[in-house]
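Asker:
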Amino acid sequence: MTGAWVSLFSGGKDSSWALYQALEQDLPVERLVTVHPPDDSYMYHVPATELASLAAESIGIPLVDVHPSSFGADDVTDAGAQGDREIEPLETALTELDESLESGIAGLTVGAVESDFQNSRVGAMADRLGADVFAPLWQRDPCELGEAMLDAGFEITIIRVAAGGLDESWLGRSLDVEALNALADLNERYGVHLLGEGGEFETLVTDGPHMERPLRLEYESEWDGTRGKLRIEDAWLG
172 MTGAWVSLFS GGKDSSWALY QALEQDLPVE RLVTVHPPDD SYMYHVPATE
222 LASLAAESIG IPLVDVHPSS FGADDVTDAG AQGDREIEPL ETALTELDES
272 LESGIAGLTV GAVESDFQNS RVGAMADRLG ADVFAPLWQR DPCELGEAML
322 DAGFEITIIR VAAGGLDESW LGRSLDVEAL NALADLNERY GVHLLGEGGE
372 FETLVTDGPH MERPLRLEYE SEWDGTRGKL RIEDAWLG
């Protein structure tokens, strides 16, 4: 299929890896699209999405921001219906982008690993758009994926944690080989997913082979005793 590819991009490790793999396979990625959830989300990476624009600048691909004012959760009673509601602003943005790009949208990259909740909805949306889906992380072994990211030169910072066994010391920690080994232990003890697929932790890619300049951060940790996040006070390209 001819046309442009669009990468669903949060700045986190999974969407960044999907983008990197697409570029490695010479898919013509012409836009990154970032959804900035107004609140907690079933579908999207939430923390620090405002840094996606800096990452996009380093990557050198134009970014399209999607800012839903609300997902309309007040009248939704189950997670499935909420997921369907959350996909709507993204689909609207992609429909507009499909019309504005000279050759239209040929495909989408997505960083889903095991979440059928996310993957099925993105797949159905792609069908409605007449686009292909490139999901290089889907059903891959999480340990192998993590090691592949590190071997490729990804620098990954943990920016939010919300799971048993993940204490305040994990905030701002690099997801390196030592961290992967520690997560494997926590997986045995608490069931923590090695890549945080269940929302146990969220990440930001600060450097990688697809980026011209690294992201630099100044931050403070916010910890409530069971979960926490980094409050980014400043960010720039090195």
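Using this note's numbering, you'd call the opening residue of the sequence shown number 172 and step up by one each time. C-beta: ideal position from N, C-alpha, C; glycine also.
In the DSSP assignment, find the unbroken alpha helix (DSSP H) run with E221 in it and report its ends.
Answerer: Taking the first residue of the sequence shown as position 1, residue 221 is located at position 50. No alpha helix (DSSP H) holds E221; DSSP gives it neither H nor E.
Asker: Tell me which residues share the same chain as R186 and place their Cβ nearer than 8 Å to its Cβ, disregarding the 5 neighbours each side in the sequence.
Answerer: Locating residue 186 in the sequence shown gives position 15, where the first residue counts as 1. Before going on, a small fix: residue 186 reads as Ser here, not Arg. Within the same chain, S186 has close Cβ partners S178, L179, F180, H216, T280, V281 and G282.
Asker: Is it true that the region 354 to 374 meets the region 323 to 333, where meeting means three or more beta-carbon pairs spaced less than 8 Å apart?
Answerer: yes
Asker: Using a 10 Å radius around the Cβ and a threshold of 16 neighbouring Cβ atoms, would you call W341 buried or exposed?
Answerer: To locate residue 341, count along the sequence shown from 1; it is residue 170. Classification of W341: buried, given that the 10 Å Cβ count is 16 or more.
Asker: Quick one: Cα of D211 to Cα of P218, how far?
Answerer: For this step, residue 211 is matched to residue 40 along the sequence shown. For this step, residue 218 is matched to residue 47 along the sequence shown. Approximately 9 Å between the Cα atoms of the pair.
Asker: Scan the region 350 to 384 and note each continuous beta strand (DSSP E) run of 3 residues or more that stays entirely inside, going in chain order.
Answerer: 372 to 378
Asker: What's the gap between the Cα of E359 and the Cα of D287?
Answerer: Here residue 359 is taken as the residue at index 188 of the sequence shown, counted from 1. Here residue 287 is taken as the residue at index 116 of the sequence shown, counted from 1. C-alpha of E359 to C-alpha of D287: approximately 23 Å in a straight line.
Asker: Expressed to the nearest angstrom, what Euclidean distance is found between the alpha-carbon atoms of S271 and Q310?
Answerer: Here residue 271 is taken as the residue at index 100 of the sequence shown, counted from 1. Here residue 310 is taken as the residue at index 139 of the sequence shown, counted from 1. For S271 and Q310, the distance between alpha carbons rounds to 33 Å.
Asker: Which residue comes first and which comes last in the alpha helix (DSSP H) that contains F305?
Answerer: Numbered from its first residue, the sequence shown carries residue 305 at position 134. Premise fails: F305 lies in the beta strand (DSSP E), D303 to F305, not in any alpha helix (DSSP H).
Asker: Check the DSSP bridge columns for Y390 and list the partner residues they point to.
Answerer: Start at 1 with the first residue of the sequence shown, and residue 390 comes out as number 219. By DSSP's assignment, Y390 forms a beta bridge with I403.
Asker: Tell me the start and end of each unbroken beta strand (DSSP E) in the region 271 to 342 that is at least 3 residues and wholly inside, in chain order.
Answerer: If we require 3 residues or more, the beta strand (DSSP E) runs fully inside the region 271 to 342 come out as 276 to 280, 303 to 305 and 326 to 332.
Asker: Tell me whether A302, by its Cβ, gets closer than 8 Å to a heavy atom of the ligand ADP.
Answerer: This structure lacks the ligand ADP, and indeed carries no ligand of any kind.
Asker: Nearest-angstrom Cα distance between E326 and V376?
Answerer: By 1-based counting over the sequence shown, the position of residue 326 is 155. By 1-based counting over the sequence shown, the position of residue 376 is 205. Near 6 Å, if we compare the C-alpha coordinates of V376 and E326.
Asker: With H, G and I counted as helix, E and B as strand and the rest as coil, what does DSSP make of L190?
Answerer: Here residue 190 corresponds to residue number 19 of the sequence shown, with the count starting at 1. If DSSP states are grouped into helix, strand and coil, L190 belongs with the helices.
Asker: Under the three-state reduction of DSSP, which class applies to D197: helix, strand or coil?
Answerer: Working through the sequence shown from its first residue, we reach residue 197 at position 26. Three-state result, D197: coil.
Asker: Determine the direct distance from the alpha carbon of R402 to that of N391, and round the result to whole angstroms.
Answerer: Here residue 391 refers to the residue found at position 220 of the sequence shown. Here residue 402 refers to the residue found at position 231 of the sequence shown. According to the sequence shown, residue 391 is Glu rather than Asn. Roughly 5 Å between the two C-alpha positions.
Asker: Once the 5 residues before and after R202 are set aside, which same chain residues still bring their CB inside 6 Å of it?
Answerer: Here the question's residue 202 lines up with position 31 in the sequence shown. If we look at R202 and ignore the five residues flanking it on each side, its Cβ neighbours are V177, P233 and V235.
Asker: On the criterion of 16 or more Cβ atoms from any shown chain inside 10 Å, does Q289 qualify as buried, or is it exposed?
Answerer: Within the sequence shown, residue 289 is the residue found at index 118, counting from 1. Looking at its Cβ environment, which holds 16 or more other Cβ atoms inside 10 Å, Q289 is buried.
Asker: Check whether the Cβ atoms of H364 and E267 lie closer than 9 Å to each other.
Answerer: Here the question's residue 364 lines up with position 193 in the sequence shown. Here the question's residue 267 lines up with position 96 in the sequence shown. Contact: no.
Asker: DSSP three-state label for T263, please.
Answerer: Your numbering for residue 263 matches position 92 in the sequence shown. T263 falls in the helix class under three-state DSSP.
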